[in-house]
Amino acid sequence: MKSMLDIDRHHQPERIARELDWNLLRTFVVLAESRSVTEAAQRLSLKQPSVSTALKKLEDRLGRRLIDRSPGHYALTDAGQLLYQAALEIHGSVLRLSTLMREITDEIRGHVTIAVASHVVCPLFDRVLAEFHRANPGVSLSMDVLSSADAVAEVMAKRASFAICLVREPNPQLEYEQLYREFFGLFCGPYHSLFGRTDLTLADLAGHNTVSFETDRLHDALKPVTLMRAQAELGQRITGMSSNLEEVTRMIYTGIGIGPLPVHVAARDVADGRLWQVPPYDPLPAIDVYLVWNRKTAKNRAEEMLLAALRDAIATTPLEDRTYR
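In UniProt numbering, the protein residues as written are 1 to 325.
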């Protein structure tokens, strides 16, 4: 049996820092995000025994069981959950090292990754992007359209420079600034029986099928929209759901159900006869969209400058000018 001294030595931070291999942590991140060792091996392009050996080596070095494995069961232990969160941060930092070194030049270069919720339509954001590109043509951008929850997760894992999305509950490890405010209304499409009617009341909506966003729940970011649908007494069962604005719009247009959209985003489709707004017309639920970033992320100069430009635009633009009705 190991003595207490042996156990203490086994968990000495200096020993772990000296002996821990980054490749083992990288393998563990993939294991944690997979449903089996076999799946992880396929994603890593390795043989299964090699991945199992790497997991055992990591567990031996840490002195903790990291994954519970048995027939039909594969789950992280509490120690595995803690290691996964820490490894994600390390992974994000390592990925940025070569980028940070490569971009030390007189010209502002580099790459900025922005995680964006699909319904973000914000003239202020567009103006900042346009001005930033004119001033820094050597900077490249990628815009990853994700659900708001996934956008925040990308920022937390340091895989995104920042995010523009809805926020259900602020994470104390992240920074937030309100970018703009939008208002949601209910709409139907030309295949729907209520399309084109100017005499509608809330009572006319009762029992009709509804479509919506995945965050349209009482405990989520679009709670005010959920309450609006309840006020309209639409059918309790949502017949179509997506985190993507274009697909929610498609389902509304094709008559699958009445659904919520930002009023300023839907305005063009209303003008083109593709959508029709239904009650309630006033007051409409206000939804705030945020700029979210991770203060612990080592940012390249391009990321720092674009983030600073956005924050400056927010600080110098009154909220009423960032409110789209």
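We treat Cβ as the ideally placed atom computed from N, Cα and C, and that holds for glycine.
Every value quoted in this text rests on a predicted model; they were computed, and no experiment measured them.
- Tyr281 and Gln231 have their C-alpha atoms spaced approximately 12 Å apart.
- Going by DSSP, Asp144 is part of no alpha helix (DSSP H) but of the beta strand (DSSP E) stretching over Val139 to Leu146.
- In the structure shown, the three-state DSSP call for Gly92 is helix.
- Sequence-distant Cβ neighbours of Asp21 in its own chain, meaning closer than 6 Å and more than five residues away, do not exist here.
- When DSSP states are grouped into helix, strand and coil, Ala149 belongs to the helix group.
- When the Cα atoms are used, Ala130 and Ser50 turn out to be separated by approximately 48 Å.
- Just measuring C-alpha positions, the residue of Ala206, Val278, Leu82 and Glu33 sitting nearest Gly189 is Val278.
- Collapsing the DSSP output to three states places Tyr84 in a helix.
- DSSP places Ile114 in the strand class (E or B) of the three-state scheme.
- Positions of the beta strand (DSSP E) runs, each at least 3 residues long and wholly inside the segment 182-213, are given as 210-213 in order along the chain.
- Judged by their CB atoms, Ala79 and Leu66 are nearer to each other than the 7 Å cut-off.
- Taking C-alpha positions only, Gly196 is separated from Leu275 by approximately 9 Å.
- In this structure, Gly207 sits away from Gly185, with a CB-CB distance that is not shorter than 7 Å.
- Inter-residue distance for Asn300 and His219 is about 36 Å (C-alpha atoms, whole angstroms).
- Taking all protein chains shown into account, Glu33 has fewer than 16 neighbouring C-beta atoms within 10 Å of its C-beta and is therefore exposed.
- Taking the Cβ atoms as the reference, Thr113 lies roughly 5 Å from Ala160, within the contact range of under 8 Å.
- Here the alpha carbon of Pro262 sits roughly 12 Å from the alpha carbon of Glu246.
- If you compare the alpha carbons of Ser242, Glu320 and Asp60 with that of Ser147, the shortest gap goes to Ser242.
- Distance check between Thr323 and each of Arg217, Ala313 and Asp288 places Asp288 closest, using alpha-carbon atoms only.
- The Cβ atoms of Leu291 and Leu310 lie closer than 7 Å to each other.
- Collapsing the DSSP output to three states places Tyr281 in coil.
- Per DSSP, the continuous alpha helix (DSSP H) segment holding His133 begins and ends at Pro123 to Ala135.
- In this structure, Val265 lies near Val121, with their beta-carbon atoms less than 7 Å apart.
- Using a Cβ distance threshold of 7 Å, Ala286 and Arg181 count as a contacting pair.
- The DSSP-derived three-state label of Pro262 is strand.
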